[in-house]
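Protein chains in written order, with the working numbering: chain X, 548 to 744; chain U, 548 to 744. Note that beta-carbon positions come from the ideal geometry of N, C-alpha and C, so glycine has one too. Keep in mind it's a predicted model, so treat the numbers as computed, not measured. Only one structure is covered here, and it is reproduced in the block below.
Protein chains: 2
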Amino acid sequence: MADLPSSAYVVLGLLAEQEAATPYQLDQLILRGIGNFWSFPRSQLYAEAGRLARHGLIIEQREESGRRRRTLAITEAGRRQLRAWLETPTDAPAEVHDPGVLRLYFQPVGHDRGEGHSAAVTQAVLRLAAEQIATHEKLLAVYRQNAEVPTMRPGSPQRAALELGLRYEQLLIDFWKEVLDSPTNLPGGSFGRPGDE
Amino acid sequence: MADLPSSAYVVLGLLAEQEAATPYQLDQLILRGIGNFWSFPRSQLYAEAGRLARHGLIIEQREESGRRRRTLAITEAGRRQLRAWLETPTDAPAEVHDPGVLRLYFQPVGHDRGEGHSAAVTQAVLRLAAEQIATHEKLLAVYRQNAEVPTMRPGSPQRAALELGLRYEQLLIDFWKEVLDSPTNLPGGSFGRPGDE
DNA sequence: GGGTACATGTAATCAGTTACATGATTTA
DNA sequence: TAAATCATGTAACTGATTACATGTACCC
Numbered sequence: 548m549a550d551l552p553s554s555a556y557v558v559l560g561l562l563a564e565q566e567a568a569t570p571y572q573l574d575q576l577i578l579r580g581i582g583n584f585w586s587f588p589r590s591q592l593y594a595e596a597g598r599l600a601r602h603g604l605i606i607e608q609r610e611e612s613g614r615r616r617r618t619l620a621i622t623e624a625g626r627r628q629l630r631a632w633l634e635t636p637t638d639a640p641a642e643v644h645d646p647g648v649l650r651l652y653f654q655p656v657g658h659d660r661g662e663g664h665s666a667a668v669t670q671a672v673l674r675l676a677a678e679q680i681a682t683h684e685k686l687l688a689v690y691r692q693n694a695e696v697p698t699m700r701p702g703s704p705q706r707a708a709l710e711l712g713l714r715y716e717q718l719l720i721d722f723w724k725e726v727l728d729s730p731t732n733l734p735g736g737s738f739g740r741p742g743d744e
Numbered sequence: 548m549a550d551l552p553s554s555a556y557v558v559l560g561l562l563a564e565q566e567a568a569t570p571y572q573l574d575q576l577i578l579r580g581i582g583n584f585w586s587f588p589r590s591q592l593y594a595e596a597g598r599l600a601r602h603g604l605i606i607e608q609r610e611e612s613g614r615r616r617r618t619l620a621i622t623e624a625g626r627r628q629l630r631a632w633l634e635t636p637t638d639a640p641a642e643v644h645d646p647g648v649l650r651l652y653f654q655p656v657g658h659d660r661g662e663g664h665s666a667a668v669t670q671a672v673l674r675l676a677a678e679q680i681a682t683h684e685k686l687l688a689v690y691r692q693n694a695e696v697p698t699m700r701p702g703s704p705q706r707a708a709l710e711l712g713l714r715y716e717q718l719l720i721d722f723w724k725e726v727l728d729s730p731t732n733l734p735g736g737s738f739g740r741p742g743d744e
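Next up, the structure:
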């Protein structure tokens, strides 16, 4: 079986716990759960559903009437595929796409010549840091709320993924706060060089 | 000006510091630098180059002879666009796609009924954790090497981005080590609940 | 000078996103 | 019952990836 994109396994995984769901319901689940770590727009769910159905990994039932709603359910073959994937070792690195860091990286080139930090760069970096702190604190708050919902069992994989999200956001906030504190000598300066475990 | 995908700004940003480069050279730069935080395959560079050239943000020169090599250089309009983007506030959240976490999340559904941790799940989680630790330690080692290259100025944005990478990998390693230590009560268990600042 | 590794480009395909259209349900 | 909101689907487009083809330099 040709291997599927990871988003397909998100669908399979959710259907494995839900037994059956509409794409819309899956979207809600993703939003509240794994979506914070592997998100994609709802419309993609239709494409995934089609693909998975073609492969016989799920079955789609359409309503006849107006909305022609789809109900999705995983098949035995789908479960097998999911299990196989869960057991497949992976050393694929995580992909991080962070627009804030990207902007930080290129700050110096936006301004005129010279490697040194101009006042303009400093200003821009400060603005960026403040904005990023706000962004990440907002997300942290959302995660904390998610941690409170009753179905979130402590010690479960779902809770662990969320925990990682919480720590990640905290890391980012700490990082940007350091930037705010010394915008001309960013984190990773002369002290605490790597190699000194 | 319609706004461009972030990868376009990677190209613009690099060209702004390099003055001129071939796509291949850009690829090398990305590999060593920002690529750890915003990567895409080399072939994409050709598409980006085309797009940017069409918009007049860079100029492309092609060799006449055999390889028909392209040399890219940023234009004044390109610099303006880059500057504008650098100053655009963004609250777009970072996207993290981590195949290890995704697998962890769905471990329970791979195995038979019941919410409780079966021995099989525990086994699978342990394997996953071990494998993830190895993966992230490998990447950490690469980052540490990158931190040593002479052009990597301490306190610079490039170094800061790398620093973030180092911390991120360390975070992941710590997380997975905790998993290894108590695979039946994953991080985010009863103690250290959020809300207790 | 033949093999190997590096450098370069393109086309075809697949994934992901945006924008839109419409059906159903609630509520004032 | 009109307006607002939630739920649902599709098509068109753009971005990203894979697979391939070929050129150039180096080195034994």
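* To do: Can you grab the Cα-Cα spacing for the pair A624(X) / R598(X), in whole Å?
  => Locating residue 624(X) in the first sequence gives position 77, where the first residue counts as 1. Locating residue 598(X) in the first sequence gives position 51, where the first residue counts as 1. Going by the C-alpha atoms only, they are around 14 Å apart.
* To do: With DSSP collapsed to three states, give me the class of E744(X).
  => Residue numbering aside, residue 744(X) sits at position 197 when the first sequence is read from its first letter. Reliability of the predicted coordinates at E744(X) is poor, the pLDDT of 41 falling under 50, and no value is obtained from them.
* To do: Just list the alpha helix (DSSP H) runs in the region 548–599 of chain U, keeping only unbroken ones of 4 residues or longer that don't cross its boundaries, in chain order.
  => For the region 548–599 of chain U, whole alpha helix (DSSP H) runs of length 4 or above, ordered along the chain, are 553–565 and 570–579.
* Environment of T731(X) [buried if 16+ CB atoms lie within 10 Å] -> Walking along the first sequence from the start, residue 731(X) turns up at place 184. Exposed, by the Cβ-count rule.
* I605(X) - partner residues in DSSP beta bridges -> To locate residue 605(X), count along the first sequence from 1; it is residue 58. For I605(X), the beta-bridge partners assigned by DSSP are I621(X).
* **Residues that DSSP places opposite V643(U) in a beta bridge** => Position 96 of the second sequence, counting from 1, holds the residue named residue 643(U). In the DSSP output, where bridge partners are listed per residue, V643(U) has V643(X).
* To do: Could you tell me whether the Cβ of I577(U) comes closer than 8 Å to any Cβ of chain X?
  => On the second sequence, residue 577(U) is found 30 positions in, with the first residue counted as 1. Any Cβ of chain X closer than 8 Å to the Cβ of I577(U) would place that residue at the interface, and such an atom is absent.
* To do: Kindly indicate which residue of E678(U), Y571(U) and I577(U) has the alpha-carbon position closest to the one of K724(U).
  => Counting from one through the second sequence, the residue named residue 724(U) turns up at place 177. The option with the nearest alpha carbon to K724(U) is E678(U).
* Reference E710(X); option with closest CA among A676(U), V648(U), F653(U) and A694(U) -> Here residue 710(X) refers to the residue found at position 163 of the first sequence. The residue with the shortest Cα to Cα distance from E710(X) is V648(U).
* Note down the Cα distance separating E564(X) from Y571(X), rounded to an integer number of angstroms. => Within the first sequence, the letter at position 17 stands for residue 564(X). Within the first sequence, the letter at position 24 stands for residue 571(X). Straight-line Cα distance between these residues: approximately 16 Å.
* Contacting residues, own chain, Cβ-Cβ under 7 Å from V557(U) (five flanking each side not counted) -> Mapped onto the second sequence, residue 557(U) falls at position 10. Excluding positions up to five away in sequence, the list reads I577, I581 and W585.
* Asked: Who are the neighbours of I581(X) on chain U, taking C-beta pairs under 9 Å?
  -> To locate residue 581(X), count along the first sequence from 1; it is residue 34. When 9 Å is used as the limit between beta carbons, I581(X) is near these residues of chain U: V648, L649, Y652 and F653, in chain order.
* **E610(X) - containing alpha helix (DSSP H), residue span** => Residue mapping note: residue 610(X) aligns to position 63 of the first sequence, counting from 1. Here E610(X) belongs to no alpha helix (DSSP H), and DSSP marks it neither H nor E.
* **Three-state secondary structure assigned by DSSP to P697(X)** => Residue 697(X) sits at position 150 when you count from the first residue of the first sequence. It is coil, neither helix nor strand.
* Asked: Got a sec: is the Cβ-Cβ distance from G603(X) to anything in chain U below 8 Å?
  -> Locating residue 603(X) in the first sequence gives position 56, counting from the first residue. Not an interface residue.
* Beta-carbon proximity list for L573(U), same chain, < 7 Å, skipping 5 on both sides -> As a working mapping, residue 573(U) is identified with position 26 in the second sequence. Correct list, in chain order: V558, L561 and L592.
* Asked: Using a beta-carbon distance below 8 Å, is Q696(X) in contact with chain U?
  -> Your numbering for residue 696(X) matches position 149 in the first sequence. One point to set straight first is that residue 696(X) is Val, not Gln, in the sequence displayed. Closer than 8 Å: no.
* To do: Return the Cβ separation of L687(U) and E716(U) in integer angstroms, given the expectation that the two are a contact with Cβ distance under 8 Å.
  => To locate residue 687(U), count along the second sequence from 1; it is residue 140. To locate residue 716(U), count along the second sequence from 1; it is residue 169. Distance from L687(U) to E716(U) at the Cβ level is roughly 4 Å; contact confirmed, criterion being Cβ atoms closer than 8 Å.
* **P704(X): first and last residue of the uninterrupted alpha helix (DSSP H) it sits in** => In the first sequence, the residue the question calls residue 704(X) occupies position 157. Its alpha helix (DSSP H) spans residues P704 to D728.
* Asked: Closest by CA to A667(X), which one among T682(U), R601(U), L633(U) and S737(U)?
  -> The sequence position of residue 667(X) within the first sequence is 120, counting from 1. Considering only alpha carbons, the answer is L633(U).
* Taking 8 Å as the CB-CB limit, is R598(U) close to chain X? -> By 1-based counting over the second sequence, the position of residue 598(U) is 51. It does not; no Cβ of chain X falls within 8 Å.
* Asked: Can you find a C-beta in chain X that's less than 8 Å from the C-beta of S590(U)?
  -> Indexing the second sequence from 1 puts residue 590(U) at position 43. Not one chain X Cβ lies under 8 Å of S590(U).
* With a 10 Å radius around its C-beta and 16 neighbouring C-beta atoms as the bar for buried, classify E744(X) as buried or exposed. => As a working mapping, residue 744(X) is identified with position 197 in the first sequence. Because E744(X) carries a pLDDT of 41, less than 50, the predicted location of this residue cannot be relied on, and the following value inherits that uncertainty. Looking at its Cβ environment, which holds fewer than 16 other Cβ atoms inside 10 Å, E744(X) is exposed.
* To do: Kindly list, in the order they appear in chain U, the residues whose Cβ is closer than 9 Å to that of R706(X).
  => Working through the first sequence from its first residue, we reach residue 706(X) at position 159. Residues of chain U passing the Cβ test: L733, P734, G735 and G736.
* Identity of the residue in A639(U), A567(U), S590(U) and S729(U) nearest V672(U) by Cα -> Taking the first residue of the second sequence as position 1, residue 672(U) is located at position 125. Of the candidates A639(U), A567(U), S590(U) and S729(U), the one whose C-alpha sits nearest the C-alpha of V672(U) is S729(U).
* Report buried or exposed for Q628(X), applying the criterion of at least 16 other Cβ atoms within 10 angstroms of its Cβ. => Position 81 of the first sequence, counted from the start, is the residue given in the question as residue 628(X). With 16 or more other Cβ atoms within 10 Å, it is buried.
* Going by Cα to Cα distance, which pick from G712(U), A707(U) and T669(U) is closest to V726(U)? -> Mapped onto the second sequence, residue 726(U) falls at position 179. Taking the Cα of V726(U) as reference, the smallest distance to any Cα among G712(U), A707(U) and T669(U) is reached at T669(U).
* Q692(U): which of R579(U), T622(U), A707(U) and R714(U) sits nearest, CA to CA? -> Taking the second sequence and counting its residues from 1, the one referred to as residue 692(U) is at position 145. Checked all of R579(U), T622(U), A707(U) and R714(U); the closest Cα to Q692(U) is R579(U).
* Asked: Anyone know if the C-beta pair for A567(U) and L619(U) falls short of 8 Å?
  -> One-based indexing of the second sequence puts residue 567(U) at position 20. One-based indexing of the second sequence puts residue 619(U) at position 72. Taking C-beta atoms as the reference points, A567(U) and L619(U) count as a pair closer than 8 Å.
* Can you tell me the Cα-Cα spacing of R615(X) and S554(X), whole angstroms? -> Here residue 615(X) refers to the residue found at position 68 of the first sequence. Here residue 554(X) refers to the residue found at position 7 of the first sequence. For R615(X) and S554(X), the distance between alpha carbons rounds to 24 Å.
* To do: Give a yes or no on whether 8 Å exceeds the smallest Cβ distance from S586(U) to chain X.
  => Position 39 of the second sequence, counting from 1, holds the residue named residue 586(U). Yes, its Cβ sits closer than 8 Å to a Cβ of chain X.
* Give a yes or no on whether the minimum CB-CB distance between D638(U) and chain X is below 8 Å. => To locate residue 638(U), count along the second sequence from 1; it is residue 91. Closer than 8 Å: yes.
* State the Cα-Cα distance for the pair Y690(U) and D645(U), rounded to the nearest angstrom. => To locate residue 690(U), count along the second sequence from 1; it is residue 143. To locate residue 645(U), count along the second sequence from 1; it is residue 98. Rounded to the nearest angstrom, the two C-alpha atoms are 18 Å apart.
* **chain U residues whose Cβ lies nearer than 7 Å to that of D728(X)** => Within the first sequence, the letter at position 181 stands for residue 728(X). The contacting residues do not exist; D728(X) stays about 13 Å from chain U at best.
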